[in-house]
Every structure is written in C-alpha cells, then in structure tokens.
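Have a look at the structure below, then the notes.
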Amino acid sequence: MMMIPRRNDFDLFDEMFSDPFFTGSENKVMKTDIKEKKDKYVIDMDLPGYEKNDIKIDIQDGYLTVHANVNKAETEKDEGKYVRKERYVGECSRSFYVGDNVTEEDIKAKFKNGILTLEVNKKDETKELPDKKYIDIE
4 MMMIPRRNDF
14 DLFDEMFSDP
24 FFTGSENKVM
34 KTDIKEKKDK
44 YVIDMDLPGY
54 EKNDIKIDIQ
64 DGYLTVHANV
74 NKAETEKDEG
84 KYVRKERYVG
94 ECSRSFYVGD
104 NVTEEDIKAK
114 FKNGILTLEV
124 NKKDETKELP
134 DKKYIDIE
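Per my numbering, the sequence shown runs over residues 4 to 141.
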C-alpha cells in the first residue's frame with residue numbers, strides 16, 4: 004500500500020508552479036523579528052531543529068552574521084522509503100548591518116527552545132562625514 008496525500012483538486016500544473024522558484028516567496032528558514040528599544044536592538048530568530056553548537060555568530064565590517072548548520076545523518080536502517088521528506092538538512096545564514104562601531108562585547112546571544120535572541124547595544128556613529136565635494140559643470 005502506498006501513502007500519497009489525496010487531494011480532489013490535484014492539478015500537476017498548479018502544483019509545479021506553486022514551487023518557491025516560481026512564486027518568488029522567501030525562504031521559510033531563519034524568520035527574524037527585530038525590535039528597537041531605547042538603548043539596544045533585540046533580534047529574535049527562529050532556528051527550530053538546530054542545536055546551540057550548530058550556530059556561529061560573527062561580526063565583521065559592521066555586519067552581524069548568523070550562520071547555522073544542521074546535518075542529522077540517518078542512523079536508522081529500517082525498511083521502507085520516504086514518500087515525502089520536508090525536514091531541512093543543510094546550512095543557512097543571514098547578515099544584518101549593525102554599524103562599524105559595534106564590537107563582539109556589544110552583543111549578547113541566547114538560544115532557547117529553537118529561538119536565537121541577540122541583543123545589540125546601540126552605538127553612536129562617531130565617524131566624521133567627509134566634506135561635500137562639488138563637481139564642476141562644464
């Protein structure tokens with residue numbers, strides 16, 4: 004007996020064009036909320052199925068990057084084959100510009116129940132803007 008979802012309105016043409024490649028819908032991985040508070044930004048990122056050790060966070064050139072990797076090799080060798088497999092295996096990353104003055108010390112990270120929470124302290128931009136240069140018109 005074969006288990007295939009049964010739909011009365013199944014249409015191969017519609018099914019093919021509902022693929023994210025054709026719809027342009029965004030990836031469902033790493034959904035993120037960013038909240039601004041008085042002295043910091045709070046970033047909540049969904050990472051279900053990941054472990055704390057699978058997540059790496061770095062900051063370089065003003066960009067905060069979160070990189071997550073999951074590789075759950077199948078250890079069970081039971082009989083049968085998958086009819087459909089939707090669980091994510093692989094890696095993903097997202098970057099956010101937080102400013103050139105933000106350092107590792109300005110960021111706190113916490114991971115609990117599949118949600119990564121980052122608190123990024125606000126920093127004043129102390130860089131001087133260059134003087135305006137005008138271009139002569141001939």
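Glycine included, every Cβ here is placed at the ideal spot set by N, Cα and C.
Run the CB neighbour count on residue i, radius 10 Å, all protein chains shown included, and call it buried at 16 or more, exposed below.
i	result
V86	exposed
Helix, strand or coil, according to DSSP, for residue i in the structure here?
i	result
D64	coil
E107	helix
N116	coil
D49	strand
D127	coil
D36	strand
D74	A small correction: the amino acid at residue 74 is Asn; Asp does not occupy that position in the sequence shown. Three-state DSSP puts N74 in coil, outside helix and strand.
In angstroms with no decimal places, state the Cα-to-Cα distance between residue i and residue j.
i	j	result
K126	Y100	13 Å
E29	D109	Residue confidence for E29 is low, a pLDDT of 49 falling below 50, so the modelled location carries little weight; the figure read from the coordinates is stated next. Each residue's alpha carbon lies about 30 Å from the other.
K113	V92	23 Å
G27	K34	Any reading at G27 must be qualified, since the residue scores a pLDDT of 49, below 50, and its modelled position is unreliable; the value itself is stated next. When rounded, the distance between both Cα atoms is 16 Å.
V69	N56	12 Å
K41	V105	16 Å
Enumerate in chain order the residues of its own chain whose CB-to-CB distance from residue i is below 8 Å, with the five nearest sequence positions on each side excluded.
i	result
I118	D47, M48, D49, L50
D64	D103
If you drop the 5 nearest sequence neighbours on each side, which residues of the same chain put their C-beta closer than 7 Å to that of residue i?
i	result
E107	I62
T37	The sequence as given places Ile at residue 37; Thr does not occur at that position. Cβ neighbours of I37 beyond the five flanking positions: Y44, I46.
Which residues in the same chain have their Cβ closer than 6 Å to the Cβ of residue i, if we skip the five residues on either side of it in sequence?
i	result
K111	E122
S98	Y66, T68
T120	D47, K113
Compute the minimum distance between the beta carbon of residue i and the heavy atoms of the ligand ZN, and state whether it is under 6 Å.
i	result
V45	Looking at this structure, you won't find the ligand ZN or any other ligand, since it has none at all.
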